[in-house]
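Residue numbers (UniProt numbering): 1 to 546. No residue lacks a Cβ here, since even glycine has one placed at the ideal position from N, Cα and C. Remember, it's a predicted structure, so these values are computed and weren't measured experimentally. This report refers to the structure that appears directly beneath it.
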């Protein structure tokens with residue numbers, strides 16, 4: 001080979017790579033030096049089990065890919081068009097029929113499927129869940145299709161309660177919208193939030209009373225005074241002292257704040273319910289809340305703090321509760337004589353202070369919690385507020401022990417005794433009927449035991465994600481109940497406990513909570529990382545203990 005000849009590829013590259021002054025100036029201005037023709041196309045690397053990515057803008061190719069991910073073992077492309085022996089014209093229609101796309105057909109089929117199991121009241125509750133959690137694109141169309149089925153039991157109620165002998169379909173549906181709005185208000189929404197929904201044509205409100213107050217008054221059933229007296233007779237010395245202190249403050253309108261302190265098994269729940277039964281039998285309203293949904297089922301008429309006080313999810317030091325003036329909530333708090341707040345150690349102090357500020361404003365009283373006697377309860381040896389990626393000092397600072405309200409609190413200590421809408425996060429259910437788009441389940445625990453509920457598929461999104469995008473998924477909000485986290489178990493009492501400590505606890509009070517769920521050591525089994533090591537990590541912050 002002769003150097004410099006036409007066959008010298010190295011020299012050809014060097015000559016072509018040379019940039020003169022003109023080209024250099026051109027490049028400094030940010031322009032391209034050369035183009036490739038034909039352009040180089042990057043080919044995808046094929047791996048086992050992997051498929052081409054297709055953007056939703058790709059049309060049928062995207063829907064074809066979506067079907068290939070969910071249809072088991074298709075033998076032809078024509079088979080993908082079929083759903084339940086019905087052949088559709090496009091892949092998109094097949095995806096809609098399978099409920100794979102955001103479409104009101106999912107909600108429509110869910111209601112149709114549920115109507116085969118129940119009608120009336122249960123369907124109304126289901127429609128409320130669809131509005132709040134499934135975000136239908138045309139809720140008015142859904143209502144128009146299923147209004148008569150949802151309102152199936154209302155003609156009888158209109159005849160009995162409102163003396164309307166022959167209610168028309170329009171009157172029945174209008175009253176159904178009113179009841180739907182009542183359910184939505186209980187979930188922090190209202191019918192006017194859904195602009196496409198029909199408006200009420202009649203003022204049904206003037207015929208009914210405050211729904212929240214009626215619910216609390218319904219807890220004072222006939223014979224409750226006898227039950228309360230029986231419970232009072234069962235109190236031990238420490239429990240009876242707590243009962244007398246709290247009831248004296250309530251009846252004298254002293255507005256004191258108490259903290260009922262005691263480890264697991266000391267009967268704190270029994271004391272709360274005894275006080276509530278005694279006051280309710282006398283015609284008073286008692287509001288009972290707890291920091292976790294599961295623990296609220298143990299209280300008679302219990303609710304979670306966030307649903308009762310409308311505490312914002314983003315916890316800041318200046319937050320206030322979303323309770324409007326002249327609302328049913330305000331009227332309820334003005335009628336309330338007593339508030340019980342259990343599992344307070346795991347609640348962020350900013351939430352407690354927000355409730356304090358809001359009640360002072362609503363009731364026009366500068367005393368703590370607007371002058372209402374409040375009993376806070378819990379055990380500071382159990383878990384503290386969960387604050388992701390914060391230090392020990394910041395977690396301790398979030399405890400109510402560091403709040404200015406702690407100076408106003410009187411501590412009542414109990415010794416060890418040795419021996420409810422029911423559907424919330426952590427409720428244990430038995431599946432009665434498993435549909436394609438709805439589950440009919442029976443509640444197994446709490447005051448709503450054996451109640452039947454409908455659970456639709458809802459769109460779930462993480463409230464606090466570290467990713468730059470939001471992950472959204474439509475699914476049934478249930479999971480197999482073979483286990484629960486330590487934090488979720490707080491407030492529960494079970495006969496047999498198995499604790500998996502292969503991964504050690506990492507927060508204050510977790511080991512204590514896990515070991516105190518059962519009343520007998522013989523019924524507790526612990527799985528450690530290895531058989532040789534018989535010790536487990538225990539995290540304790542002494543500065544928050546009483």
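- If one requires a minimum length of 4 residues, the alpha helix (DSSP H) runs lying completely within the region 65-100 are 77-80 and 91-97, in chain order.
- Distance from the CA atom of residue 302 to the CA atom of residue 458, rounded to whole angstroms, is 25 Å.
- By the neighbour-count criterion, in which a residue is buried when 16 or more other Cβ atoms sit within 10 angstroms of its Cβ, residue 273 is buried.
- CA-CA distance, residue 137 to residue 147, rounds to 17 Å.
- Shown here for residue 109: same chain residues with a beta carbon closer than 8 Å to its own, the five before and five after excluded, namely 99, 436 and 437 in chain order.
- Taking the Cβ atoms as the reference, residue 341 lies roughly 20 Å from residue 316, outside the contact range of under 8 Å.
- At least 7 Å separates the beta-carbon of residue 373 from that of residue 285.
- Contact between the region 160-178 and the region 214-226 is absent: fewer than 3 CB-CB pairs across the two stretches fall below 8 Å.
- Here residue 391 is actually not in contact with residue 487; their C-beta atoms are around 19 Å apart, not less than 8 Å.
- Here the alpha carbon of residue 24 sits roughly 21 Å from the alpha carbon of residue 11.
- Each of 480, 406, 380 and 396 was checked against the Cα of residue 427, and the nearest Cα belongs to 480.
- C-alpha of residue 362 to C-alpha of residue 278: approximately 26 Å in a straight line.
- In the three-state DSSP reduction, residue 410 falls in the strand class (E or B).
- Taking the C-beta atoms as reference points, residue 537 is found nearer than 7 Å to residue 504.
- Here residue 338 is bridged, per DSSP, to 286 and 373.
- Boundaries of the alpha helix (DSSP H) around residue 155: 154-161.
- In the pairwise beta carbon analysis, the region 157-164 is classified as not touching the region 215-230: fewer than three pairs are separated by under 8 Å.
- Only residues of its own chain outside the window of five on either side were considered, and among them 174, 177, 178, 181 and 191 have a CB closer than 8 Å to the CB of residue 200, listed in chain order.
- Bridge pairing for residue 261: 378 and 413 [DSSP].
- Annotation for residue 225: 281 place their beta carbon closer than 7 Å to its own, counting only its chain and skipping 5 residues before and after.
- Per DSSP, the beta-bridge partners of residue 456 are 438.
- Out of 120, 90 and 135, the CA that lies nearest to the CA of residue 106 is found in 135.
- With a minimum length of 4 residues, the unbroken runs of alpha helix (DSSP H) contained wholly in the region 144-231 fall at 154-161, 169-186 and 211-217.
- Between residue 299 and residue 288, the CB-CB gap stays under 7 Å.
- Membership of residue 500 in the beta strand (DSSP E) is indicated by the continuous run 497-500.
- The C-beta distance from residue 128 to residue 183 rounds to 4 Å, short enough to meet the 8 Å contact threshold.
- In this structure the region 319-330 does not touch the region 225-238; the number of beta carbon pairs closer than 8 Å is below three.
- The C-beta of residue 142 has 16 or more other C-beta atoms within 10 Å across all chains shown, which makes the residue buried.
- Residue 429 is bridged by DSSP to 443.
- Residue environment analysis places residue 522 among the exposed positions, since fewer than 16 neighbouring C-beta atoms fall within 10 angstroms of its C-beta.
- Residue 19 and residue 13 have their C-alpha atoms roughly 12 Å apart.
- With the rule of 3 Cβ pairs closer than 8 Å, the region 397-409 counts as touching the region 342-362.
- Taken through DSSP and simplified to helix, strand or coil, residue 525 comes out as strand.
- A Cβ-Cβ distance of about 5 Å is found for the pair residue 155 and residue 167, placing them in contact under the 8 Å criterion.
- For residue 242 against residue 271, the beta-carbon gap comes to about 6 Å, under 8 Å, which counts as contact.
- With respect to residue 455, residue 439 sits close: the two C-beta atoms are nearer than 7 Å.
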